[in-house]
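These notes concern the structure reproduced below.
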Amino acid sequence: MSDIGQQPLIPLIHLDNYFNLRKVVVSDHELAGRSYREVPSWACDQSVLQMVSGIKPEALYREAGIDVSLPIENTLISTHQCIAVVNSVRTALPFAHLGLVIGKLMTLSHHGQAGIAVMTQDTLADCMKTACRFAERLFPPLQFSYEEAEHTSRLVMEQHIDLHGLYDFFMEIKVTSFYYIMKHLVGPNHEPLALRFGYAEPNHSVIYRHYFNCPIEFSCGRTEIVLDRALTTYILPLANRVMAIQAENTLFESLPVSGVALLPIRLKKILLKNYGAFPSLENAASSLGMSGRTLRRKLSEEGSSYQSILNDVRRQLSMELLVQQRDSITEIAFLLGFNDASAFTKAFKKWTGVSPSQYRQAQQVL
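So for the sequence shown, our numbering puts the first residue at 2; every next one is plus one.
Structure (structure tokens):
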């Protein structure tokens, strides 16, 4: 299989919402004579406006190998092209907390139909679930999920496709954007219980305190926004079920089709996390937010199956475990869900052409 990072799967229009900053900022003097309860997040001082005005997104896209002759609404770019654009933007705007700045600029109105679909949901919980549905289509490198416990709700963000060191940057954008959108929807006096970041505390962490008025934690394993579950039942002021459905349908119909099969990647990630006790198809489907029948059908449509992906995971793990030398071949067989070493050996020979012991011996020589 070719490198997933080279495959076109990110709608350029979504990236343009973040990095074509000229269309989302105004200078302070443009607000004169207009009344606001608080200064809008998209207001900035003249020096920032001048800096942003010097960025020409089309030139950055061209440098990243993106065909700018096509309509931006119909263009898909690869993860590698996305990373090239981000690195160019960070060079042009060389301040450490750029992700926080962009995230705060991204109000609901800048998200187009996605913003309309979010703001017209019935409750904040529906808003978060809608955001999760959009995430994979709008920015496949990140995976969003919504979780509920007895007293808390969580919007969880994880890396889906390798962003080559830019995970922190995109987490800053996504968390900051949702934080300010949430406060816009439910009121400025409501705060998350915590913002937990799945990376080490950055050198500019002191700046986080200027953006967020709630507890902040780093090195948490995954990035999540934790809310009081009672807050997620808040009825949104612009709730309109018909408008929400129309906006969501319009958004998905307008997005170019990727053609990249992401569901197998998500399933593989779940299986890799749970080796030693692989989940059944039904349990894996539940983790993916669908029924076993739906998972089976979707995988079939993409030319795959639960068993083939499980076998691929077993093959990958078996080769890693054999190199590590810690476990016997019998122990590895049981870890991978085989009834005995003989069944594992037969499968491993089919995968690699050699037995597990031969593979281990060959690795010792290397």
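Just so it is clear, CB atoms sit at the ideal spot from N, CA and C, and this is done for glycine as well.
For Glu-173 and Arg-197, which I take to be in contact (beta-carbon distance under 8 Å), what is that distance rounded to the nearest angstrom? The pair is not a contact, with the Cβ atoms about 13 Å apart (cut-off 8 Å).
From Lys-105 to Pro-238, what distance separates their C-alpha atoms? 21 Å
Which two residues bound the contiguous beta strand (DSSP E) that contains Pro-225? In the sequence as displayed, the identity of residue 225 is Glu instead of Pro. It spans 224 to 229 - the beta strand (DSSP E) in which Glu-225 sits, taken as one unbroken run.
Spell out a yes or no on whether the segment 76 to 85 and the segment 204 to 213 are touching, meaning 3 or more CB-CB pairs, one atom from each, closer than 8 Å. no
Give me, in chain order, the residues of the same chain whose beta-carbon lies closer than 6 Å to that of Leu-109; leave out the 5 immediate sequence neighbours on both sides. By the criterion of a C-beta distance shorter than 6 Å, Leu-109 is surrounded in its chain by Gly-116, Met-120 and Ile-182, once the five residues flanking it on both sides are discounted.
Val-102 - DSSP class collapsed to helix/strand/coil: Helix.
Is Ser-255 a contact residue of the ligand FMN, with contact defined as CB to any heavy atom under 7 Å? You won't find the ligand FMN in this model; it holds no ligand whatsoever.
For a quick check, are the C-beta atoms of Leu-272 and Ile-310 less than 8 Å apart? yes
May I ask which residues mark the beginning and end of the beta strand (DSSP E) holding Ile-349? Reading the sequence as shown, one finds Phe at residue 349 and not Ile. Element bounds for Phe-349: not the beta strand (DSSP E) but the alpha helix (DSSP H), 342 to 353.
Consult DSSP for Ala-248 and reduce its assignment to one of helix, strand or coil. Ala-248 falls in the helix class under three-state DSSP.
Distance CB(Arg-223)-CB(Val-176) smaller than 8 Å: no
Assuming Tyr-235 and Thr-124 are in contact, meaning their beta carbons sit under 8 Å apart, how far apart are those beta carbons, in whole angstroms? 6 Å
Which of helix, strand or coil does DSSP assign to Ile-84? helix
Per-residue DSSP class, three states only, for Glu-218: strand
Exposed or buried, Arg-138, counting other C-beta atoms within 10 Å across all chains shown (16 or more means buried)? buried
N- and C-terminal bounds of the alpha helix (DSSP H) containing Gln-325: 307 to 325
Tell me which residue opens and which closes the beta strand (DSSP E) that Ser-154 is part of. 153 to 160
Rounded Cβ spacing between Ile-103 and Phe-179 (contact assumed at less than 8 Å): Not really, about 13 Å apart at Cβ, beyond 8 Å.
Taking Tyr-19 as part of the beta strand (DSSP E), name the residues at either end of that continuous run. Segment 13 to 20 is the alpha helix (DSSP H) holding Tyr-19; no beta strand (DSSP E) there.
Let me confirm a value: Thr-92 is counted as buried when at least 16 other C-beta atoms fall within 10 Å, else exposed. Which label applies? exposed
Relative to the C-alpha of Asp-127, which residue among Asp-229, Ala-240, Val-86 and Ala-285 is closest? Ala-240
Here's the rule I'm using: 16 or more other beta-carbon atoms within 10 Å means buried, otherwise exposed. How should Ile-246 be labelled? exposed
Pick from Asp-163, Leu-232 and Tyr-168 that is closest to Gly-188, judged by C-alpha positions: Leu-232
Starting from Pro-143, follow the beta strand (DSSP E) in both directions and report where the run begins and ends. The amino acid occupying residue 143 in the given sequence is Leu; Pro does not appear at that position. Unbroken beta strand (DSSP E) run through Leu-143: 143 to 149.
Please state if the CB of Ala-118 and the CB of Glu-249 are separated by a distance shorter than 8 Å. Yes, they are a contact pair.
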